[in-house]
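J.:
In this note's numbering, the protein residues as written are 3 to 296.
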């Protein structure tokens, strides 16, 4: 049986103090968490770079902690995307990529997350910005302006440009968290912070990205994930390498949800006569299996 592990899966972070048992397998020091995380998951959404660029020595430590098969994704700093809005930022870009140099071979995608105010009129800024980046990078763009979700001229223009440039459009699926009853402060906080945008499941390049924001109720989250089974399976069979980043409102049970979604997709493929995924195992679960990324 052919094992398909082309799908990259992970969380929005690799360090969480509630993951000692579910991910790290016991009492792991903070400095050990990334290495333990990378034994279970094969990717991570590197939000840390959005808020602050690490020192190059720190980036080198991160690179040394993971196997060669692991792939980070990192967001460009908010200084570039939100404050400068992609203008007059060549020096900031140079400093960022200099600091991240040790991670270049291990970074599967560099994400450009744009603010909700970045609308169709600003698209030329994004188009002019792209050549400033180092050549050969795999890129993903996340837009939040309503016009880019209206299925009109603005969205068509954006998608056509992304396809032509080979840039991935990052997909945010926050429907589950907004479908949850706001009877919990954690849910209310998530609903306040997370963007509520339509889901357009389009692959504009070879590495489509899905950010799935689940509920505290993992059963409901798994049920609401069902429409993604066919789409992710389709992308895999087209030879693409999808990224799936799993969130929950407080991220405490995000690893358990990720394992369940992985198993659901594997079962879906098996039931449709397709090659299943390899097993994904958390160190301590109710359903022990073989490790996926040994």
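Even for Gly, the Cβ is constructed at its ideal location relative to N, Cα and C.
Remember, predicted model here, so these are calculated numbers, not experimental data.
(1) Does the Cβ-Cβ distance between residue 333 and residue 182 come in under 8 Å?
(2) Who are the Cβ neighbours of residue 268 in its own chain at under 6 Å, not counting the five residues just before and after it?
(3) Here's a check: name, in chain order, each residue in its chain whose Cβ is nearer than 6 Å to the Cβ of residue 58, leaving out the five neighbours to either side.
(4) Within the continuous beta strand (DSSP E) that includes residue 143, where are the two ends?
(5) Please classify residue 174: does DSSP put it in a helix, a strand, or coil?
(6) What are the residues that DSSP puts in a beta bridge with residue 77?
(7) What would DSSP say about residue 96, mapped onto helix, strand or coil?
(8) Check each candidate in 236, 164, 211, 14 and name the one with the smallest Cα separation from residue 173.
(9) Distance check for residue 152 and residue 145, CA to CA, integer angstroms please.
(10) Can you tell me the Cα-Cα spacing of residue 90 and residue 82, whole angstroms?
(11) Could you tell me which residues DSSP pairs with residue 213 in its beta bridges?
(12) Tell me, which residues are paired with residue 10 by DSSP?
(13) Evaluate residue 44 with the Cβ neighbour count: other Cβ atoms within 10 Å of its Cβ, from every protein chain shown; 16 or more gives buried, anything less gives exposed.
T.: This is what the structure gives:
(1) The structure shown does not extend to residue 333, since the chain is modelled only from 3 through 296, so no value can be given for it.
(2) Cβ neighbours of residue 268 beyond the five flanking positions: 278, 279.
(3) Within its own chain, the residues whose Cβ lies closer than 6 Å to the Cβ of residue 58, once the five positions on either side in sequence are excluded, are 101, listed in chain order.
(4) In this chain, the beta strand (DSSP E) harbouring residue 143 covers 141 to 144.
(5) Reduced to three states, the DSSP call for residue 174 is strand.
(6) Answer is 113.
(7) In the structure shown, residue 96 sits in a helix (DSSP, three-state: H, G or I).
(8) Measuring C-alpha to C-alpha distances from residue 173 to each of 236, 164, 211, 14 identifies 211 as the nearest.
(9) Straight-line Cα distance between these residues: approximately 12 Å.
(10) In a straight line, the C-alpha of residue 90 is about 9 Å away from that of residue 82.
(11) Here residue 213 is bridged, per DSSP, to 174, 247.
(12) According to DSSP, residue pairing for residue 10 in a beta bridge involves 245.
(13) Residue 44 is classed as buried because its beta carbon has at least 16 other beta carbons within 10 Å across all chains shown.
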